[in-house]
Amino acid sequence: MRTDLVPDDLWERVVPLVPPAPERRRRYPGRLRVPDRAALAGIMYALRTGVAWRDVPAESVDCSGVTAWRRLRDWTETDDRPRLHGPDVSGAA
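Structure (structure tokens):
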């Protein structure tokens, strides 16, 4: 994995905000989940370079662009969104 995309200090700040992984099924568990840090590297690559999700090089970030996109979608759809995005500073209740 390219360490310049997710340096250790950034990962240490982000990891407490990442929602826990869903529990794997016992029967037919499917393939192993891509590590969260690799998914974040894929997200960072797509955002920094502006490439389409399908063009994220899985060889250099250890995660396909589609997997990175799905993980971003899953992370933003959790109930932890206010915590992830910070407090509402607009004054709306």
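Residue numbers for the sequence shown follow my numbering, beginning at 4 and rising by one. Glycine is no exception: its CB is placed at the ideal position from the N, C-alpha and C atoms. Being a predicted model, the structure only gives us computed values, none of them experimental.
Backbone CA spacing between residue i and residue j [nearest angstrom]
i, j, result
"Leu8", "Pro38", "15 Å"
"Arg40", "Leu13", "10 Å"
"Asp3", "Trp72", "A question about residue 3 goes unanswered here, because the residues of the chain that appear run from 4 up to 96."
"Leu35", "Ala55", "24 Å"
Nearest-angstrom beta carbon gap, residue j and residue i [assumed within contact, 8 Å]
i, j, result
"Trp78", "Val21", "7 Å"
Contact under 8 Å by Cβ, residue i with residue j
i, j, result
"Thr81", "Ala42", "no"
"Gly53", "Cys66", "no"
"Gly68", "Arg51", "no"
Endpoints, alpha helix (DSSP H) assigned at residue i
i, result
"Tyr31", "That residue, Tyr31, is in no alpha helix (DSSP H); it is neither H nor E in DSSP."
"Asp11", "Asp11 to Val17"
"Gly53", "Unbroken run through Gly53: none, as it is neither H nor E."
Check: residue i C-beta below 7 Å from any heavy atom of the ligand NAD
i, result
"Ala49", "Here there are no bound small molecules, and the ligand NAD is not part of this structure."
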